[in-house]
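Q: Dropping the structure in here first, questions after.
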Ligand code: BES
Ligand code: MN
Ligand code: ZN
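Numbering (this note's numbering), first residue to last: 114 to 616.
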């Protein structure tokens, strides 16, 4: 999709379709009123007849509106003006995109940027329209033998703004939105691929092809032999049950000063999680192909950062493996030695995420990172605690936690913090090793983070449990690309030096 910004009044736009907001009950927005005057009261008359109440997401497509240059006008309900918030704005933009895509107009000019959304600025509104539009029109069809071809799909969306002077700000929103949307799209695409295609090796090849796009980024892939040499006994213990060799994918992006300490992103890349010998029940087990969505988010964020050429140094570390049962697989009760030297009693082979992450986190220390953030579909307990709206956030540094919460809220990709108190650590006590890999039924998300915290003592660290947000179930089953927007926003904020305070 092609996006653009322009200024100018609606009645003068020569376009296949104008997009105009309508508040409930039947109230035109400013651009709508201007258009209505030019059209001799045509829009107001239609609203008076009761064809569109203005409920959030409602749409009405008009043809042959008199006195204007556009071929069509799409009215989009925005709900009550006072109740308009970030989430509604995104769903309004998504409804408009979907309706446009079916309308026959392959291009349109939208006036939705004029809607007031709290104190969100134009840059935010442009960006969110772009992201919501791409999100709404995404289809995963690469594994279908016949692709559904739309006759005239929407190809170009121009976002109109009131003042010419705001064009620069709008263009900035456009560039950021495009970078984030591209990152989200790649993450969704990777997440949606099945386990027989998206293997650890596939992820490695994906990372390598990203590296070919720019000289600023290097990718190395460590094989099992290399992991053995480094003593990554925890990571390797998960790979034992699989015929697919595990890979440790390492990305380095150099956009900052040569000796500036990097941010490291660590993503869980379990390309299929059967549970191993502690086999999962069959129901919805197919969804465990999404257990590499942390890895996909790291790759998607790299793509966005590369696209924007952000002035930072960034390291990505992706431990990639399957978790399957086999004669060679790890068994409950097995004790393994992690790269850190700490020993782990594997009481449940289904708690494999923390086993691969702990070695990746120890490895991250080699880069002398300023900050490390790991991203993982780590616990079912997180889905129980927060549902599908917020990622779980735990950190050993409150400033970092607050920055991530802020970034998520601005990017409409929220996280919610949980405590990482010492009190929970004892749940990991083991009679046979330094620690067990599970902490019992209570506070499962927290004890998983407690486990990881034992490997992150040397740096500022945060953990994002994305088990609830990384994919959707049911009819809409599919990867979401979260938390690419959150992570990218955090990095953007770091670059703008956190001088400005946002609401
Ligand atoms: N990948 C799963 C977590 C998961 C489960 C994410 C369901 C989304 C939906 C992870 O590897 C896992 O199996 N965790 C176990 C941990 C338990 C054995 C301590 C879980 O959450 O049940
Ligand atoms: Mn598991
Ligand atoms: Zn898992």
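Backbone N, C-alpha and C define an ideal beta-carbon position, used for all residues, glycine too. The structure presented is a predicted model; accordingly, all values stated were derived computationally and were not measured.
Run the proximity test for residue 487: is its beta-carbon closer than 7 Å to any non-hydrogen atom belonging to ligand 2?
A: Counting from 1 along the chain shown, the entry for residue 487 is found at position 374. Checking every heavy atom of ligand 2 against the Cβ of residue 487, none is found closer than 7 Å.
Q: Look at residue 209 and residue 132 and say whether their C-beta atoms are less than 8 Å apart.
A: Mapped onto the chain shown, residue 209 falls at position 96. Mapped onto the chain shown, residue 132 falls at position 19. Taking 8 Å as the Cβ cut-off, residue 209 and residue 132 qualify as a contacting pair.
Q: May I ask you to report which of helix, strand or coil DSSP gives residue 173?
A: For this step, residue 173 is matched to residue 60 along the chain shown. Strand, per DSSP.
Q: Between the segment 360-370 and the segment 423-431, can you find at least three pairs of beta-carbon atoms closer than 8 Å?
A: Taking 8 Å as the limit for Cβ pairs, the verdict is that the segment 360-370 does touch the segment 423-431.
Q: For residue 62 and residue 386, I'd like the C-alpha separation in whole angstroms.
A: A query on residue 62 cannot be resolved here, the shown segment of the chain reaching from 114 to 616 and no further.
Q: Measuring only from the beta carbon, is residue 504 closer than 7 Å to any heavy atom that is part of ligand 1?
A: As a first step, residue 504 must be located in the chain shown, where it is residue number 391. Residue 504: no, Cβ never under 7 Å from ligand 1.
Q: Below 7 Å, is the gap between the Cβ of residue 466 and the nearest heavy atom of ligand 3?
A: Along the chain shown, one-based indexing puts residue 466 at 353. Result yes, Cβ under 7 Å from ligand 3.
Q: Examine ligand 1 and report whether any of its heavy atoms sits within less than 7 Å of the Cβ of residue 490.
A: The residue given as residue 490 occupies position 377 in the chain shown. True, at least one ligand heavy atom lies under 7 Å from that Cβ.
Q: For residue 334, tell me which candidate among 322, 360, 315 and 342 has the shortest Cα-Cα distance.
A: Residue mapping note: residue 334 aligns to position 221 of the chain shown, counting from 1. The option with the nearest alpha carbon to residue 334 is 360.
Q: Quick one: what's residue 432 bridged to in DSSP?
A: For the purposes of this step, residue 432 is taken as residue 319 along the chain shown, with counting starting at 1. 361.
Q: For residue 553, which option in 610, 577, 139 and 494 has the closest C-alpha, if you only look at C-alpha atoms?
A: The residue you call residue 553 lines up with position 440 of the chain shown. The shortest C-alpha separation from residue 553 is found at 494.
Q: Using three-state DSSP, classify residue 180 as helix, strand or coil.
A: As a first step, residue 180 is located in the chain shown; it is residue number 67 there, counting from the start. Reduced to three states, the DSSP call for residue 180 is coil.
Q: DSSP on residue 118, reduced to helix/strand/coil?
A: Locating residue 118 in the chain shown gives position 5, where the first residue counts as 1. Residue state, collapsed to three classes: strand.
Q: At a cut-off of 7 Å, would you count residue 496 as near ligand 1, judging by its Cβ distance to the nearest heavy atom?
A: Sequence index remark: in the chain shown, residue 496 carries index 383 (1-based). Yes; taking the cut-off as 7 Å, the Cβ of residue 496 has a heavy atom of ligand 1 nearer than that.
Q: Helix or strand or just coil, what does DSSP make of residue 333?
A: Within the chain shown, the letter at position 220 stands for residue 333. Three-state DSSP puts residue 333 in a strand.
Q: Check whether the Cβ of residue 418 sits closer than 7 Å to any heavy atom of ligand 3, and report yes or no.
A: Locating residue 418 in the chain shown gives position 305, counting from the first residue. No, ligand 3 has no heavy atom inside 7 Å of this Cβ.
Q: Comparing C-alpha positions only, which one of 200, 217 and 480 sits nearest to residue 231?
A: Here the question's residue 231 lines up with position 118 in the chain shown. Of the listed residues, the one whose Cα sits closest to residue 231 is 200.
Q: Look up residue 271 in the DSSP assignment and give the residues it is bridged to.
A: Looking up residue 271 in the chain shown gives position 158. DSSP output for residue 271 lists 117 and 222 as bridge partner(s).
Q: With residue 194 as the anchor, note down where its alpha helix (DSSP H) starts and where it stops.
A: In the chain shown, the residue the question calls residue 194 occupies position 81. Neither: residue 194 is in no alpha helix (DSSP H) and is coded neither H nor E.
Q: Consult DSSP for residue 111 and reduce its assignment to one of helix, strand or coil.
A: This structure gives no information on residue 111, because the portion of the chain shown stretches from 114 to 616.
Q: Measuring CB to CB, does residue 180 end up less than 8 Å from residue 152?
A: Locating residue 180 in the chain shown gives position 67, where the first residue counts as 1. Locating residue 152 in the chain shown gives position 39, where the first residue counts as 1. Going by C-beta atoms, residue 180 is nearer than 8 Å to residue 152.
Q: Whose C-alpha, out of 219, 317 and 166, is nearest the C-alpha of residue 130?
A: For the purposes of this step, residue 130 is taken as the residue at position 17 of the chain shown. It is 219 whose Cα lies nearest to the Cα of residue 130.
Q: For residue 114 versus residue 246, is the C-beta spacing smaller than 8 Å?
A: Locating residue 114 in the chain shown gives position 1, where the first residue counts as 1. Locating residue 246 in the chain shown gives position 133, where the first residue counts as 1. Cβ distance < 8 Å, so residue 114 and residue 246 count as in contact.
Q: Going by DSSP in three states, residue 477 sits in which element: helix, strand or coil?
A: Taking the chain shown and counting its residues from 1, one reaches residue 477 at position 364. Residue state, collapsed to three classes: helix.
Q: Could you check whether residue 341 and residue 349 sit closer than 8 Å to each other, using their CB atoms as the reference points?
A: The residue you call residue 349 lines up with position 236 of the chain shown. The residue you call residue 341 lines up with position 228 of the chain shown. In this structure, residue 341 lies closer than 8 Å to residue 349 by Cβ.
Q: Hey, is residue 343's beta-carbon within less than 8 Å of any beta-carbon in chain B?
A: This model lacks chain B altogether; it includes just one protein chain.
Q: Based on the DSSP secondary-structure assignment, which residues constitute the bridge partners of residue 585?
A: Against the chain shown, residue 585 aligns to sequence position 472. According to DSSP, residue 585 bridges with 591.
Q: In the DSSP output, what is residue 397 paired with across the bridge?
A: Residue numbering aside, residue 397 sits at position 284 when the chain shown is read from its first letter. Residue 397 is not bridged to any residue.
Q: Can you find a heavy atom of ligand 3 that lies under 7 Å from the Cβ of residue 399?
A: One-based indexing of the chain shown puts residue 399 at position 286. Incorrect: residue 399 has no Cβ contact closer than 7 Å to ligand 3.
Q: Would you check if there are 3 or more beta carbon pairs closer than 8 Å linking the segment 301-313 to the segment 375-390?
A: Taking 8 Å as the limit for Cβ pairs, the verdict is that the segment 375-390 does touch the segment 301-313.
Q: Should residue 281 be labelled buried (16 or more other beta-carbon atoms within 10 Å of its own) or exposed?
A: As a first step, residue 281 must be located in the chain shown, where it is residue number 168. That one is exposed.
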